[in-house]
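One structure below.
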Amino acid sequence: MSAQLDVKPGLDIETRLFIGGDFVDAVEGGRIPVINPHDNSLIAEVAEARAADIDRAVEAARRAFPAWKRMAASERGRLLGKLADAIEADGENLAYLESIDTGHPLRDTRGLDVPRTIVTFRYFAGLADKIDGRVAPADPGFFNYVTREPVGVVGQIVPWNFPLMFTSWKLGPALAAGNTVVMKPAELTPLTTLRVAQLVARVGIPPGVVNIVPGYGNTAGQYLAEHPGVDKIAFTGSTLTGQKIVQASAGNLKRVQLELGGKGANIVFDDASIDAAVGGSAFAIFHNQGQACIAGSRLLVHEKIADEFLYKFLALARSIRIGNPLDPATEMGPLTSPGHRDRVLRYIDVAKQQGSTILTGGNAPTDPALQAGCYIEPTVVTANPDDRVCQEEVFGPFVSITRFRDDEEVIRMANSTQYGLGGGLWTRDLQRAHRVASAIRSGMVWVNTYKRVSPASPFGGVGQSGYGRDLGPESIHEYTFAKSVVMNIDAQVPPYYKR
Ligand code: NAD
Numbered sequence: 305m306s307a308q309l310d311v312k313p314g315l316d317i318e319t320r321l322f323i324g325g326d327f328v329d330a331v332e333g334g335r336i337p338v339i340n341p342h343d344n345s346l347i348a349e350v351a352e353a354r355a356a357d358i359d360r361a362v363e364a365a366r367r368a369f370p371a372w373k374r375m376a377a378s379e380r381g382r383l384l385g386k387l388a389d390a391i392e393a394d395g396e397n398l399a400y401l402e403s404i405d406t407g408h409p410l411r412d413t414r415g416l417d418v419p420r421t422i423v424t425f426r427y428f429a430g431l432a433d434k435i436d437g438r439v440a441p442a443d444p445g446f447f448n449y450v451t452r453e454p455v456g457v458v459g460q461i462v463p464w465n466f467p468l469m470f471t472s473w474k475l476g477p478a479l480a481a482g483n484t485v486v487m488k489p490a491e492l493t494p495l496t497t498l499r500v501a502q503l504v505a506r507v508g509i510p511p512g513v514v515n516i517v518p519g520y521g522n523t524a525g526q527y528l529a530e531h532p533g534v535d536k537i538a539f540t541g542s543t544l545t546g547q548k549i550v551q552a553s554a555g556n557l558k559r560v561q562l563e564l565g566g567k568g569a570n571i572v573f574d575d576a577s578i579d580a581a582v583g584g585s586a587f588a589i590f591h592n593q594g595q596a597c598i599a600g601s602r603l604l605v606h607e608k609i610a611d612e613f614l615y616k617f618l619a620l621a622r623s624i625r626i627g628n629p630l631d632p633a634t635e636m637g638p639l640t641s642p643g644h645r646d647r648v649l650r651y652i653d654v655a656k657q658q659g660s661t662i663l664t665g666g667n668a669p670t671d672p673a674l675q676a677g678c679y680i681e682p683t684v685v686t687a688n689p690d691d692r693v694c695q696e697e698v699f700g701p702f703v704s705i706t707r708f709r710d711d712e713e714v715i716r717m718a719n720s721t722q723y724g725l726g727g728g729l730w731t732r733d734l735q736r737a738h739r740v741a742s743a744i745r746s747g748m749v750w751v752n753t754y755k756r757v758s759p760a761s762p763f764g765g766v767g768q769s770g771y772g773r774d775l776g777p778e779s780i781h782e783y784t785f786a787k788s789v790v791m792n793i794d795a796q797v798p799p800y801y802k803r
């Protein structure tokens, strides 16, 4: 039985756990309330997975693994392609659910989240039968080949900022490479993941290959990370939780992949196209209300052009249309939860206490229609590189502005945090672009653009931003291990023990 949501006529989604190809109730019967951050109304209650449910899901994934691994890779690819098609056909529903669950404006869920999810599944559908090995040099008379084997049962724990897109980032490479999965979506935003589970069943991906278990982090998540039946944990979330995952994984030494926080430096040089940099920098921080690990949350602007840049940037920030995510004209929705909204507001206070000037924003919008929701105005503040708001991830529509004098100084500033995920630079000077891109310590750098993410390109960080890579052929290595097979084909080997 599926639960009828009172949100869109005719749209029903499953609110139960997806285990072994069936939607099932949680053993202990707990429920998680799912809230619309536009007005804090209750959208639905989904089943809450606890230990016994995680056990069931891991067992189902374990049972499904041998056949999924043995299946022709082209067939696994075909099924992933069918899933992409099903997501495309269901795109309007998914966009709608993502908007009411996360607060992303419909124009983004329709224009970015859904299309990116589709192309990512298509990319991994195509990659499934292109995972090859190599022949290693061997002594005469020997033959040595190296293949990539799936890791086994993979636990995947994801956050609430891009839940639909993360189904493709995580399931895509894991399934293409022949693993089976137990995915725990964030407790705040399980709706689109459960909808994808319905599509997984509909396109004929065998039971147990994908299991979806919404639950809380410190119960279901922790238990999954500790589980001896899980061979790998792929985690996206905060650095603090990533550290807990590493500790929880120690029992059976499972493999761990961590996509963690960031504090993206976005550098505007004095030779940049100012208009391009203004628009791109606004997208870098305000898209998805700044709730992005790669957000350009530290704007470093050359002192020569800082006044002109700021004049235009502040005008743009003030003009962003804030509103109900379901209004197609809305450019910025609410933050995803009241708790997170309060956290961002506290950071605005921290900025003030540390001497920042609030150049624009800093409050909830005054529009009466938005008072019940988790809204915050686009906020721009001045700050120094050592200030807490330049060092800690705020994860909101909040950007610090720091002026710099020359390339060496700005490279130092860019590299002055514990993170190393994404960053950008705006310049017309080709040599400078290469030199600075090389000097920035991060997994991704964008030049004269920002947040261009492609399924074909590795995504991940260094330092406290974690290790391992989502996306690209690199992600296949994360979900496989190298197996070396050495054969004696005609070598005469002297006996080791003469008798
Ligand atoms: P979070 O770490 O609180 O939660 C992420 C997930 O981990 C959720 O599913 C949560 O239930 C689970 N979790 C929480 N405690 C756990 C525990 N002890 N054991 C196992 N699982 C646990 O993060 P969040 O607040 O949901 O997400 C925001 C964070 O995610 C930000 O720091 C952001 O930078 C990061 N993020 C990183 C990337 C990336 O690719 N690097 C992408 C998006 C978001």
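Numbering (the numbering used here), first residue to last: 305 to 803.
Ideal Cβ placement from N, Cα and C applies to all residues, glycine included.
Nonlocal neighbours in the same chain, by C-beta distance under 8 Å from residue i, ignoring five residues either side
i: L620; result: V582, G583, A586
i: L309; result: Residue placement at L309 cannot be trusted, given a pLDDT of 47 that sits under 50; what the coordinates show is reported in the next sentence. Cβ neighbours of L309 beyond the five flanking positions: L315, D316, I317, I347, A348.
i: E681; result: I626, T664, G665, G666, N667, A668, P669, P701
beta-carbon residue i near the ligand NAD non-hydrogen atom, thresh 7 Å
i: V350; result: no
i: L475; result: no
i: G565; result: yes
i: N556; result: no
i: N515; result: no
i: K548; result: yes
i: F699; result: yes
i: P494; result: no
i: I336; result: no
i: S720; result: no
i: F763; result: yes
i: V462; result: yes
i: C597; result: yes
i: G541; result: yes
i: N522; result: yes
i: E612; result: no
i: L725; result: yes
i: Q526; result: yes
i: A529; result: yes
i: G482; result: no
i: A770; result: The residue asked about is misnamed: residue 770 is Gly in this sequence, not Ala. Within the cutoff, so yes.
Residues of its chain near residue i, where Cβ-Cβ distance is below 7 Å and the 5 sequence neighbours each way are ignored
i: A524; result: A353, R354, I358, K488, V517
i: V757; result: F763
i: A677; result: One detail in the question is off: residue 677 reads as Gly in this sequence, not Ala. Correct list, in chain order: P341, H342, D343, N344, P638.
i: P799; result: none
i: T540; result: V462, P463, F470, E563
i: L398; result: I391, V418, L468, T496, R499
Span of the beta strand (DSSP E) around residue i
i: G459; result: 457-461
i: S345; result: 345-351
i: A440; result: 438-440
i: M487; result: 484-488
i: V517; result: V517 -> no beta strand (DSSP E), and no H or E assigned at all.
i: Q561; result: 559-563
i: F447; result: 446-454
Cβ neighbours of residue i in the same chain (closer than 6 Å, five flanking residues each side left out)
i: R420; result: M469
i: A786; result: V450
i: D631; result: none
i: S306; result: Low confidence applies here, because S306 scores a pLDDT of 44, under 50, leaving its location unreliable; read the following figure in that light. So the list reads D316, E318, once near-sequence residues are dropped.
i: D405; result: T493, L495
i: K608; result: D574
Among the options, the one whose alpha carbon lies nearest that of residue i
i: A673; options: P701, I705, G637, N688; result: G637
i: M791; options: S472, N344, P444; result: P444
i: D394; options: V328, L503, L321, F446; result: L503
i: A633; options: E402, L663, D389, H408; result: H408
i: H644; options: A687, Q593, R622, Q657; result: Q593
i: V749; options: N483, Q526, G568, L498; result: G568
i: V605; options: G334, D711, V654, N556; result: D711
i: R707; options: R374, D574, A364, R438; result: D574
i: G546; options: T784, R692, V693, Q768; result: Q768
Limits of the unbroken alpha helix (DSSP H) element including residue i
i: E530; result: 526-530
i: P337; result: That residue, P337, is in no alpha helix (DSSP H); its beta strand (DSSP E) goes 335-340.
i: P777; result: 776-782
i: Y651; result: 642-657
Next item on the list: For the stretch 408-423 and the stretch 534-543, state whether three or more C-beta atom pairs, one from each stretch, are separated by less than 8 Å.
Entry: By the C-beta criterion, the stretch 408-423 is judged not to be in contact with the stretch 534-543, since fewer than 3 inter-stretch pairs fall below 8 Å.
Note to self: Can you confirm whether the stretch 450-462 touches the stretch 344-351 when touching is taken to mean that 3 or more C-beta pairs between the two stretches lie within less than 8 Å?
What the structure shows: Taking a cut-off of 8 Å for Cβ pairs, the stretch 344-351 and the stretch 450-462 do not touch, as fewer than three such pairs fall below it.
Check: Is the stretch 728-740 touching the stretch 555-562 in the sense that three or more CB pairs, one from each, lie closer than 8 Å?
Finding: The stretch 555-562, when compared against the stretch 728-740, does not touch it at the 8 Å Cβ threshold.
Margin query: Does the structure place the stretch 463-482 close enough to the stretch 424-443 that three or more beta carbon pairs sit under 8 Å?
Written below: Using a Cβ-Cβ distance cut-off of 8 Å, the stretch 424-443 and the stretch 463-482 are in contact, since at least three pairs of beta carbons, one from each stretch, lie closer than that value.
Notebook entry, point to check: Quick check: the stretch 499-514 against the stretch 385-401, are there 3 or more CB pairs under 8 Å?
Noted result: The stretch 499-514 makes contact with the stretch 385-401; the number of CB pairs closer than 8 Å reaches 3 or more.
Check: Does the stretch 717-727 come within contact of the stretch 594-613, defined as at least 3 CB pairs closer than 8 Å?
Finding: Enough Cβ pairs lie closer than 8 Å, so yes.
Checklist line | Contact between the stretch 609-627 and the stretch 324-335 (3+ Cβ pairs under 8 Å) | finding: No, the stretch 609-627 does not touch the stretch 324-335.
Next item on the list: Take every Cβ of the stretch 660-668, pair it with every Cβ of the stretch 681-696, and state whether three or more of those distances are shorter than 8 Å.
Entry: They touch, by the three-pair rule.
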